[in-house]
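K.L.:
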Amino acid sequence: MSSVRPSGLKWWGSRTKYRDRDIVWTAWRHAECASSEHAKHNQGCRTRVMANINGPSTTSGRGNLSFTTINLPRLAIEASNEAHDSYEAASAAVYERFMHKLDETLDLVIGQLLERFEIQAERHVYNYPFLMGQGVWMDSDKLKREDTVRDVIKHGTLGIGFIGLAEAMKAIFGRNHAESKEVWDHAYKVVERIRNLSDQATKAYHLNFSVIATPAEGLSGRFVRIDRKEFGEIEGVTDRPYYTNSFHVPVYEQVGVFRKIDLEAPFHALCNGGHITYVELDGDVSKNPEAFEEIITYMRHAGIGYGSINHAVDYDPVCGYTGIINDVCPRCGRREGEGIELSRLEELRRQNGGK
């Protein structure tokens, strides 16, 4: 889920966990302030359901029906190979081929999502005794038990996701979007194209297509394994265990917190089906609330729709303390590598209700 992985803090790094602090921003209209229905809520680590071409644009009573993720690095590798075979190896030619392949893939994805919608739409209320039978979904209270659910699930969303924008740019230009403003501009146009075709599909089919910055915890590794097997190990593309999630800056890029926010924020407005930006702080955040507030404020003004701040939560495997540990555990007083007297450990366990 995270686009910035734990870097390890001092020698407690092997026992360091990370905790997220999530922040969502939304614009309220005065008439809507009395109700939370019109607030933008995120499910899980990013999914967002809001706009509705078939009814009220609310979050409650709706959901994401299906989403399909596009493997951008694979399209870029294929475009690069095809261009080299045609002696058109210049980056501009490769990028043009890549965008053409993206258009073809988007047509396929939209068709696939429509097919899945048709399958779901032919289900009956009795197939969903809680969601439809208990009136959870919008307008489901108007249906009878034998009715199909088409008029209900039309309020849901069909998501078009993507993964590996950074690796795709690397395959085409030899640099990712954090390394070059020119490459960033091309990367932005990729996601912009996805959003434009998604909006066109919404109008054409009168269904709620949206673009989601895919939360590819498992898929990020699966895609790269498949591509490495077929295309070999490509430096900066298939030579790591995973592809970078969606539009995120790669974890190995040494960029500061504010620059990371600047690089990722513009993509949030394009990904209307869900998005998130993570930043990571070292040390004890509670000792520096001003820095925490500064980051949140910067996110807000940069255009981050959903942001998360990761901070360290250390764990002492001997006494079980969870919190910030510097040189000495604040609970049992031991240092790394030191033991603890059994009588003291039993005392701590009694205090904690352990056995």
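Start counting the sequence shown at 688; every next residue gets the next number (this note's numbering). Glycine is no exception: its CB is placed at the ideal position from the N, C-alpha and C atoms. Every value quoted in this text rests on a predicted model; they were computed, and no experiment measured them.
Under the rule that 16 or more other beta-carbon atoms within 10 Å means buried, what is Y965, buried or exposed?
P.N.:
Against the sequence shown, residue 965 aligns to sequence position 278. That one is buried.
K.L.:
My guess is that L759 and A865 are in contact by the Cβ rule of under 8 Å, so how many angstroms apart are they, rounded?
P.N.:
The count along the sequence shown starts at 1 and reaches residue 759 at position 72. The count along the sequence shown starts at 1 and reaches residue 865 at position 178. That belief does not hold up - the Cβ atoms of L759 and A865 are roughly 15 Å apart, past 8 Å.
K.L.:
Pick from G748, C1019 and A855: whose alpha carbon is nearest that of Y929?
P.N.:
In the sequence shown, counting from the first residue as 1, residue 929 sits at position 242. Comparing Cα positions, the closest option is A855.
K.L.:
Take L894 and list the residues in its own chain whose beta-carbon comes closer than 8 Å to its own, dropping the five residues that flank it on each side.
P.N.:
Taking the sequence shown and counting its residues from 1, the one referred to as residue 894 is at position 207. So the qualifying residues of the chain are I740, N741, L801, F804, K841, L845 and A888.
K.L.:
Buried or exposed for G943, going by 16 or more other Cβ atoms inside 10 Å?
P.N.:
As a working mapping, residue 943 is identified with position 256 in the sequence shown. It counts as exposed.
K.L.:
Is D790 a contact residue of the ligand MG, with contact defined as CB to any heavy atom under 7 Å?
P.N.:
Of ligands this structure carries none, so the ligand MG is not represented either.
K.L.:
Applying the criterion that 16 or more other CB atoms from any shown protein chain within 10 Å of the CB defines a buried residue, is R1036 buried or exposed?
P.N.:
Looking up residue 1036 in the sequence shown gives position 349. Its Cβ having fewer than 16 others within 10 Å, R1036 is exposed.
K.L.:
Could you have a look at F849 and say whether DSSP puts it in helix, strand or coil?
P.N.:
In the sequence shown, residue 849 corresponds to position 162, counting from 1. Of the three classes helix, strand and coil, the one that applies to F849 here is strand, per DSSP.
K.L.:
Give, in chain order, every unbroken run of the alpha helix (DSSP H) that is at least 4 residues long and sits entirely within the segment 873-944.
P.N.:
906-918
K.L.:
Over what stretch of residues does the alpha helix (DSSP H) that includes E805 continue unbroken?
P.N.:
Locating residue 805 in the sequence shown gives position 118, where the first residue counts as 1. S778 to A808 is the span of the alpha helix (DSSP H), which, as asked, contains E805.
K.L.:
Once DSSP output is grouped into helix, strand and coil, what is the label at H988?
P.N.:
For this step, residue 988 is matched to residue 301 along the sequence shown. Here H988 sits in helix by DSSP.
K.L.:
Label S995 either buried or exposed according to how many other C-beta atoms from any shown protein chain fall within 10 Å of its C-beta, with 16 as the threshold for buried.
P.N.:
Residue numbering aside, residue 995 sits at position 308 when the sequence shown is read from its first letter. Answer is buried; the Cβ neighbour count reaches 16.
K.L.:
Hey, out of L752, A903, P1004 and D1003, whose CA is closest to V839's CA?
P.N.:
If you number the sequence shown from 1, residue 839 lands on position 152. V839 has its Cα closest to that of L752, out of L752, A903, P1004 and D1003.
K.L.:
Using CA coordinates, which residue listed in F860, S1030 and E833 is at the minimum distance from R810?
P.N.:
Along the sequence shown, read from residue 1 onward, the residue named residue 810 stands at position 123. Here the closest residue by C-alpha is E833.
K.L.:
Report yes if the CB atom of V796 is closer than 8 Å to the CB atom of A853, and no otherwise.
P.N.:
Locating residue 796 in the sequence shown gives position 109, counting from the first residue. Locating residue 853 in the sequence shown gives position 166, counting from the first residue. Against a cut-off of 8 Å, the Cβ pair of A853 and V796 comes out as no contact.
K.L.:
How many angstroms separate the CA atom of Y813 from the CA atom of R735?
P.N.:
As a position in the sequence shown, residue 813 is number 126, starting the count at 1. As a position in the sequence shown, residue 735 is number 48, starting the count at 1. Approximately 27 Å between the Cα atoms of the pair.
K.L.:
Taking just the CA atoms, how far does D969 sit from Y993?
P.N.:
For the purposes of this step, residue 993 is taken as residue 306 along the sequence shown, with counting starting at 1. For the purposes of this step, residue 969 is taken as residue 282 along the sequence shown, with counting starting at 1. Approximately 21 Å between the Cα atoms of the pair.
K.L.:
Just how far apart, CA to CA, sit D1062 and F954?
P.N.:
Given a span of 688 to 1042 for the chain in the structure shown, any question on residue 1062 remains unanswerable.
K.L.:
For the beta strand (DSSP E) containing I963, list its first residue and its last residue.
P.N.:
Start at 1 with the first residue of the sequence shown, and residue 963 comes out as number 276. It is not in any beta strand (DSSP E) - I963 carries neither H nor E in the DSSP assignment.
K.L.:
Identify the continuous alpha helix (DSSP H) that holds I840 and give its terminal residues.
P.N.:
Taking the first residue of the sequence shown as 1, we reach residue 840 at position 153. Taken as a continuous stretch (DSSP letters only), the alpha helix (DSSP H) holding I840 covers R837 to I840.
K.L.:
Find out if the Cβ-Cβ distance for the pair V898, G851 is shorter than 8 Å.
P.N.:
Along the sequence shown, read from residue 1 onward, the residue named residue 898 stands at position 211. Along the sequence shown, read from residue 1 onward, the residue named residue 851 stands at position 164. Not closer than 8 Å, so no.
K.L.:
Should P902 go down as buried or exposed, given a rule of 16 or more other Cβ atoms within 10 Å for buried?
P.N.:
As a working mapping, residue 902 is identified with position 215 in the sequence shown. Buried: at least 16 other Cβ atoms inside 10 Å.
K.L.:
Thinking C-alpha only, which one of R749, G1020 and I757 is nearest V911?
P.N.:
As a first step, residue 911 must be located in the sequence shown, where it is residue number 224. For V911, the closest of R749, G1020 and I757 by C-alpha to C-alpha distance is I757.
K.L.:
Suppose you measure from the CA of A989 to the CA of K831; what does that come to, to the nearest Å?
P.N.:
Residue numbering aside, residue 989 sits at position 302 when the sequence shown is read from its first letter. Residue numbering aside, residue 831 sits at position 144 when the sequence shown is read from its first letter. Those two C-alpha atoms are separated by around 47 Å.
K.L.:
State the Cα-Cα distance for the pair N932 and G908, rounded to the nearest angstrom.
P.N.:
What you label residue 932 is simply residue 245 of the sequence shown in a count that begins at 1. What you label residue 908 is simply residue 221 of the sequence shown in a count that begins at 1. Going by the C-alpha atoms only, they are around 10 Å apart.
K.L.:
With DSSP run on the structure shown, which of helix, strand or coil describes F817?
P.N.:
For the purposes of this step, residue 817 is taken as residue 130 along the sequence shown, with counting starting at 1. It is coil, neither helix nor strand.
K.L.:
Taking the CB atoms as reference points, tell me whether K857 and V938 lie closer together than 8 Å.
P.N.:
Counted from its first residue, the sequence shown places residue 857 at position 170. Counted from its first residue, the sequence shown places residue 938 at position 251. Not a contact, by the Cβ cut-off of 8 Å.
K.L.:
Using a Cβ-Cβ cutoff of less than 6 Å, which residues in the same chain neighbour S767 once the five nearest sequence positions on both sides are dropped?
P.N.:
Here residue 767 refers to the residue found at position 80 when the sequence shown is read from its first residue. So the qualifying residues of the chain are V781 and A858.
K.L.:
What number of angstroms, rounded off, separates the C-alpha of P1017 from the C-alpha of G1024?
P.N.:
For the purposes of this step, residue 1017 is taken as residue 330 along the sequence shown, with counting starting at 1. For the purposes of this step, residue 1024 is taken as residue 337 along the sequence shown, with counting starting at 1. Whole-angstrom Cα-Cα distance: 15 Å.
K.L.:
Taking all protein chains shown into account, do 16 or more other C-beta atoms lie within 10 angstroms of the C-beta of F860, making it buried, or fewer, making it exposed?
P.N.:
Indexing the sequence shown from 1 puts residue 860 at position 173. F860 comes out buried.
K.L.:
Can you list, in chain order, the residues of its chain with a C-beta nearer than 6 Å to that of R1021? Leave out the 5 residues immediately preceding and following it.
P.N.:
Numbered from its first residue, the sequence shown carries residue 1021 at position 334. Closer than 6 Å at Cβ, skipping near neighbours: I1027.
K.L.:
Using DSSP with H/G/I as helix, E/B as strand and the rest coil, what is R1022?
P.N.:
The residue you call residue 1022 lines up with position 335 of the sequence shown. Coil.
K.L.:
Quick check: what's the CA-CA separation for E1034 versus F934?
P.N.:
Against the sequence shown, residue 1034 aligns to sequence position 347. Against the sequence shown, residue 934 aligns to sequence position 247. Whole-angstrom Cα-Cα distance: 50 Å.
K.L.:
Are the beta-carbon atoms of F849 and I881 separated by less than 8 Å?
P.N.:
Residue mapping note: residue 849 aligns to position 162 of the sequence shown, counting from 1. Residue mapping note: residue 881 aligns to position 194 of the sequence shown, counting from 1. With contacts defined as CB atoms closer than 8 Å, F849 and I881 qualify as a contacting pair.
K.L.:
Quick check on DSSP: helix, strand or coil for L752?
P.N.:
Walking along the sequence shown from the start, residue 752 turns up at place 65. The answer is strand: DSSP assigns L752 an E or B state.
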